[in-house]
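> Sharing a structure, written as structure tokens. Questions coming.
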Amino acid sequence: MLYSSTQNASEVVSAAQAIAQGISKDGGLFVPQSFPKYDEKDFRELLKKDYKGRAEKIFSDYLTDFTAEEIEDCVEKAYTAEKFGGENPAPMAYTQLGGVDLNILELWHGPTCAFKDMALQILPHLLTKSLKKTCDGKDAVILVATSGDTGKAALEGFKDVEHTKIIVFYPVDGVSPMQKHQMNTQEGGNVTVCAIKGNFDDAQTGVKKIFTTPSISEKLAENNMLFSSANSINWGRLLPQIVYYISSYCDMVNERKIAFGDKINVVVPTGNFGNILASYYASLMGLPVARFICASNSNNVLTDFINTGVYDKNRQFYTTISPSMDILVSSNLERLLYKLSGNSDKTTREWMTALKTGGRYEVGDDVKAVMNEKFYGGFCDDAQTKRTISRLFEEQGYLCDTHTAVAVSVYEEYVEKTGDNTPAVIASTASPYKFSKAVLEAVAPDAELPETEFDMVDMLNSITKMPVPAPLAGLKGKQTRFSDVTEVDKMPEYVLSALSVE
Ligand SMILES: *Cc1c(COP(=O)(O)O)cnc(C)c1O
Numbered sequence: 366m367l368y369s370s371t372q373n374a375s376e377v378v379s380a381a382q383a384i385a386q387g388i389s390k391d392g393g394l395f396v397p398q399s400f401p402k403y404d405e406k407d408f409r410e411l412l413k414k415d416y417k418g419r420a421e422k423i424f425s426d427y428l429t430d431f432t433a434e435e436i437e438d439c440v441e442k443a444y445t446a447e448k449f450g451g452e453n454p455a456p457m458a459y460t461q462l463g464g465v466d467l468n469i470l471e472l473w474h475g476p477t478c479a480f481k482d483m484a485l486q487i488l489p490h491l492l493t494k495s496l497k498k499t500c501d502g503k504d505a506v507i508l509v510a511t512s513g514d515t516g517k518a519a520l521e522g523f524k525d526v527e528h529t530k531i532i533v534f535y536p537v538d539g540v541s542p543m544q545k546h547q548m549n550t551q552e553g554g555n556v557t558v559c560a561i562k563g564n565f566d567d568a569q570t571g572v573k574k575i576f577t578t579p580s581i582s583e584k585l586a587e588n589n590m591l592f593s594s595a596n597s598i599n600w601g602r603l604l605p606q607i608v609y610y611i612s613s614y615c616d617m618v619n620e621r622k623i624a625f626g627d628k629i630n631v632v633v634p635t636g637n638f639g640n641i642l643a644s645y646y647a648s649l650m651g652l653p654v655a656r657f658i659c660a661s662n663s664n665n666v667l668t669d670f671i672n673t674g675v676y677d678k679n680r681q682f683y684t685t686i687s688p689s690m691d692i693l694v695s696s697n698l699e700r701l702l703y704k705l706s707g708n709s710d711k712t713t714r715e716w717m718t719a720l721k722t723g724g725r726y727e728v729g730d731d732v733k734a735v736m737n738e739k740f741y742g743g744f745c746d747d748a749q750t751k752r753t754i755s756r757l758f759e760e761q762g763y764l765c766d767t768h769t770a771v772a773v774s775v776y777e778e779y780v781e782k783t784g785d786n787t788p789a790v791i792a793s794t795a796s797p798y799k800f801s802k803a804v805l806e807a808v809a810p811d812a813e814l815p816e817t818e819f820d821m822v823d824m825l826n827s828i829t830k831m832p833v834p835a836p837l838a839g840l841k842g843k844q845t846r847f848s849d850v851t852e853v854d855k856m857p858e859y860v861l862s863a864l865s866v867e
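Reading the sequence shown from the start, the letters are residues 366 to 867 in this note's numbering.
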């Protein structure tokens, strides 16, 4: 299977090249030229497998330049029961709210307690093998822009991985205290963490610029290094996310929540559009998804886009209690648009150029029609997010984080508006303990909150009795290693200096 760039169809690479490079030289994103199609027999086979077995099957159909042994090795190392707290790294939880069934796909049982672990525990293994295949002997420099969760998950995945160095940039005022603490205390000899004076979009644009500046890449090449990406622009990030949608369907069939062949809806709290795109790709493989429900917070650029066909990032940016979704430029939408435009690199390039220059583009009626049929966009503000956390906890004793609550809230609104009672899988993307303050304010609005993050964690634990994940509890009292803050336009110099290649 080959991959081509969304912005230049003649840029064609193998899976290993796509993963090693991260992003195409023209600034486009690598997409598979076709999607493997699973029929009834394939799905019946998948039902019998465990998560790892399902992952191996799906990986092998996309990574055709990897051997079966290589794929097995990656999967075995990534999804251990030790790292994910059990044999199934992505278990389902079944609950209800106001009489509406919620089938919750819990994706946060990994080492950093956010769904990013599902991909970032395996990406380093895929990447080191890809580097061997494509440019043996070079070291990969992983540049990451994070809205909070990717940074820590990437640091944890790449720490002390041979032939890699990782540099993470996060918005100085745009992540939760727990997220900041997780990153600034990171261990490992090959890691660097730096805050930027800007928001996530500034960080992401800065990183993309560094990737596509030839003079910087040349400097790295002289030193036997090359850039790669652990953001969801990297195919190696998206592919592992396809697995859990297919796996959740199998689990729901096996757990008799749906019948084999039943259609489902998928609800995803969305920022950069990677997670929801993975569910769309799963549907192209044969997963019977009727509707993709895209849930946003007050940064509702995607809600507007789905409803009007106009993408316009020229709007107020809000810092919310679901910071991992505080994003106005959703990178992976580019991959969806490429597909919906009939794989037109020319049209995709025009839209992306318009976005870069004027911050706005409008898709044609054909694309709008498909969007309308397959996607639903909704959003909710912080107050509504907290009400949802509180209601779900009061009614069912189920505690969810702020991002998941956005998804639940938008899903409730969807059911009310449409009457559609197709069973829905709701992606739950983080542990509530990563956002203790907001979750406490939701479940105990009258309580006086303690000052420190870990006192809030303890208070939330004593109120809800939900266990604190060990990786978060273990951070208490840990020394800060990183405290650098840089201006956005100094990011290139910062990178070169961190790599000692000025
Ligand atoms: C990253 C993240 C999201 C957004 O996912 P995208 O793939 O960027 O759309 C939602 N919730 C949490 C907790 C996250 O960490």
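Quick reminder that beta carbons are idealized off the backbone N, C-alpha and C, glycines included.
Is the beta carbon of alanine 484 less than 9 Å from the beta carbon of leucine 496?
Locating residue 484 in the sequence shown gives position 119, counting from the first residue. Locating residue 496 in the sequence shown gives position 131, counting from the first residue. Taking 9 Å as the Cβ cut-off, alanine 484 and leucine 496 do not qualify as a contacting pair.
> Going by alpha carbons, who is nearest to tyrosine 444 out of Asn549, Asp525, Pro605 and Phe625?
Here residue 444 is taken as the residue at index 79 of the sequence shown, counted from 1. When each option's Cα is compared against that of tyrosine 444, the closest is Pro605.
> One question on the structure: do methionine 821 and serine 796 come within less than 9 Å of each other, judged by their Cβ atoms?
Residue mapping note: residue 821 aligns to position 456 of the sequence shown, counting from 1. Residue mapping note: residue 796 aligns to position 431 of the sequence shown, counting from 1. Their beta carbons are not under 9 Å apart, which means methionine 821 does not touch serine 796 by this criterion.
> Nearer than 8 Å: is that true of the beta carbon of serine 597 relative to any heavy atom of ligand 1?
Along the sequence shown, one-based indexing puts residue 597 at 232. Result yes, Cβ under 8 Å from ligand 1.
> Please look up how many angstroms separate the CB atoms of leucine 705 and valine 735, rounded, as I've assumed it's under 8 Å.
In the sequence shown, counting from the first residue as 1, residue 705 sits at position 340. In the sequence shown, counting from the first residue as 1, residue 735 sits at position 370. Right, the Cβ-Cβ distance comes to about 5 Å (below 8 Å), so this counts as a contact.
> Cβ of aspartate 783 within 8 Å of any heavy atom in ligand 1?
Here residue 783 is taken as the residue at index 418 of the sequence shown, counted from 1. Contrary to the premise, residue 783 reads as threonine rather than aspartate in this sequence. For ligand 1, not one heavy atom lies less than 8 Å from the Cβ of threonine 783.
> At a threshold of 8 Å, does alanine 795 count as lining ligand 1 (C-beta to nearest heavy atom)?
Counted from its first residue, the sequence shown places residue 795 at position 430. Answer for alanine 795: yes, Cβ within range of ligand 1.
> Between the Cα of leucine 864 and those of Gly784, Met590 and Tyr726, spot the shortest distance and give me the residue it belongs to.
Position 499 of the sequence shown, counting from 1, holds the residue named residue 864. If we check each option's Cα against that of leucine 864, Met590 comes out closest.
> Considering only residues of the same chain and omitting the five flanking positions on each side of threonine 712, which have a CB-CB separation below 7 Å?
The residue you call residue 712 lines up with position 347 of the sequence shown. Cβ within range, chain order: Ser706.
> With a cut-off of 8 Å, do at least 3 Cβ pairs link the segment 760–770 to the segment 684–703?
They touch, by the three-pair rule.
> With DSSP run on the structure shown, which of helix, strand or coil describes cysteine 559?
Counted from its first residue, the sequence shown places residue 559 at position 194. Three-state DSSP puts cysteine 559 in a strand.
> Are there 16 or more other CB atoms within 10 angstroms of the CB of arginine 680, so buried, or fewer, so exposed?
Here residue 680 corresponds to residue number 315 of the sequence shown, with the count starting at 1. Answer is exposed; the Cβ neighbour count stays below 16.
> May I ask whether a heavy atom of ligand 1 can be found less than 8 Å away from the beta carbon of lysine 545?
Here residue 545 refers to the residue found at position 180 when the sequence shown is read from its first residue. Checking every heavy atom of ligand 1 against the Cβ of lysine 545, none is found closer than 8 Å.
> Rounded to whole angstroms, what is the Cα-Cα separation between lysine 628 and lysine 503?
Position 263 of the sequence shown holds residue 628. Position 138 of the sequence shown holds residue 503. Taking the straight line from one Cα to the other gives about 46 Å.
> Tell me whether the segment 650–660 and the segment 603–619 touch, counting them as touching only if at least three CB pairs, one residue from each stretch, are closer than 8 Å.
Output reads yes: the segment 603–619 touches the segment 650–660.
> Who pairs with asparagine 373 in a beta bridge, going by DSSP?
The residue you call residue 373 lines up with position 8 of the sequence shown. For asparagine 373, which the question treats as bridged, DSSP gives the partners Ser370.
> What are the uninterrupted segments assigned as alpha helix (DSSP H) that are 4 or more residues long and contained completely in the segment 797–866, given in chain order?
Taking only runs of at least 4 residues, the alpha helix (DSSP H) segments lying wholly in the segment 797–866 are 801–808, 818–829, 835–838 and 856–863.
> Exposed or buried, what is leucine 814 when buried is set at 16 or more other beta-carbons lying within 10 Å of its beta-carbon?
In the sequence shown, residue 814 corresponds to position 449, counting from 1. It counts as exposed.
> Measuring only from the beta carbon, is isoleucine 641 closer than 8 Å to any heavy atom that is part of ligand 1?
Within the sequence shown, the letter at position 276 stands for residue 641. Checking the Cβ of isoleucine 641 against ligand 1 gives yes.
> What are the start and end residues of the beta strand (DSSP E) that includes valine 654?
Locating residue 654 in the sequence shown gives position 289, where the first residue counts as 1. Segment 654–661, the beta strand (DSSP E) holding valine 654.
> Alanine 772 by DSSP, collapsed to three states: which one?
The sequence position of residue 772 within the sequence shown is 407, counting from 1. It is helical.
> Assuming the contact rule is C-beta atoms closer than 8 Å, phenylalanine 534 and valine 509 should be a hit. Round their C-beta distance to whole Å, please.
In the sequence shown, the residue the question calls residue 534 occupies position 169. In the sequence shown, the residue the question calls residue 509 occupies position 144. 7 Å between Cβ atoms; contact.
> Anyone know if the C-beta pair for glycine 636 and isoleucine 692 falls short of 9 Å?
Reading the sequence shown from its first residue, position 271 is the one you call residue 636. Reading the sequence shown from its first residue, position 327 is the one you call residue 692. It is a contact, given that the beta carbons lie within the stated cut-off.
> To the nearest angstrom, how far is the alpha carbon of glutamate 777 from that of asparagine 697?
Position 412 of the sequence shown holds residue 777. Position 332 of the sequence shown holds residue 697. Rounded to the nearest angstrom, the two C-alpha atoms are 26 Å apart.
> State the CB to CB distance for the pair alanine 518 and threonine 477, rounded to an integer number of angstroms; the pair is presumed to be in contact (CB under 8 Å).
Locating residue 518 in the sequence shown gives position 153, where the first residue counts as 1. Locating residue 477 in the sequence shown gives position 112, where the first residue counts as 1. The Cβ separation is near 5 Å, so the contact holds.
> Measuring straight from C-alpha to C-alpha, what distance separates lysine 414 and valine 572?
For the purposes of this step, residue 414 is taken as the residue at position 49 of the sequence shown. For the purposes of this step, residue 572 is taken as the residue at position 207 of the sequence shown. When rounded, the distance between both Cα atoms is 39 Å.
> Taking the beta strand (DSSP E) that alanine 510 falls in, what are its first and last residues?
The residue you call residue 510 lines up with position 145 of the sequence shown. Looking at the DSSP string, the run of the beta strand (DSSP E) that includes alanine 510 is 504–510.
> Over what stretch of residues does the alpha helix (DSSP H) that includes threonine 493 continue unbroken?
To locate residue 493, count along the sequence shown from 1; it is residue 128. 488–500 is the extent of the alpha helix (DSSP H) around threonine 493.
> In the DSSP assignment, find the unbroken beta strand (DSSP E) run with phenylalanine 480 in it and report its ends.
Taking the sequence shown and counting its residues from 1, one reaches residue 480 at position 115. Neither: phenylalanine 480 is in no beta strand (DSSP E) and is coded neither H nor E.
> Is it the case that the Cβ atoms of alanine 555 and lysine 574 are separated by a distance below 9 Å?
Looking up residue 555 in the sequence shown gives position 190. Looking up residue 574 in the sequence shown gives position 209. Reading off the sequence shown, one finds asparagine at residue 555, where the question assumed alanine. No, they are not a contact pair.
> In chain order, what residues of the same chain lie with their CB nearer than 8 Å to the CB of glutamate 376, ignoring the 5 residues before and after it?
In the sequence shown, counting from the first residue as 1, residue 376 sits at position 11. Closer than 8 Å at Cβ, skipping near neighbours: Ser369, Ser370, Ser389, Lys390, Asp391 and Gly393.
> What first and last residue would you give for the alpha helix (DSSP H) that runs through glycine 418?
Here residue 418 refers to the residue found at position 53 of the sequence shown. Taken as a continuous stretch (DSSP letters only), the alpha helix (DSSP H) holding glycine 418 covers 416–427.
> Can you tell me where the beta strand (DSSP E) holding glutamate 471 begins and where it ends?
Here residue 471 corresponds to residue number 106 of the sequence shown, with the count starting at 1. Residues 465–471.
> Closest to tyrosine 417 by CA distance: which of Glu818, Tyr403 and Asn453 is it?
What you label residue 417 is simply residue 52 of the sequence shown in a count that begins at 1. The identity of residue 417 in the sequence shown is lysine, whereas the question assumes tyrosine. Nearest option by C-alpha distance: Asn453.
> Using CA coordinates, which residue listed in Asn468, Thr851, Ala838 and Met690 is at the minimum distance from valine 773?
Position 408 of the sequence shown, counting from 1, holds the residue named residue 773. Out of Asn468, Thr851, Ala838 and Met690, Asn468 has the C-alpha closest to the C-alpha of valine 773.
> Going by the C-beta, is isoleucine 692 closer than 8 Å to any heavy atom of ligand 1?
Taking the first residue of the sequence shown as 1, we reach residue 692 at position 327. Because some heavy atom of ligand 1 lies under 8 Å away, the Cβ of isoleucine 692 counts as near it: yes.
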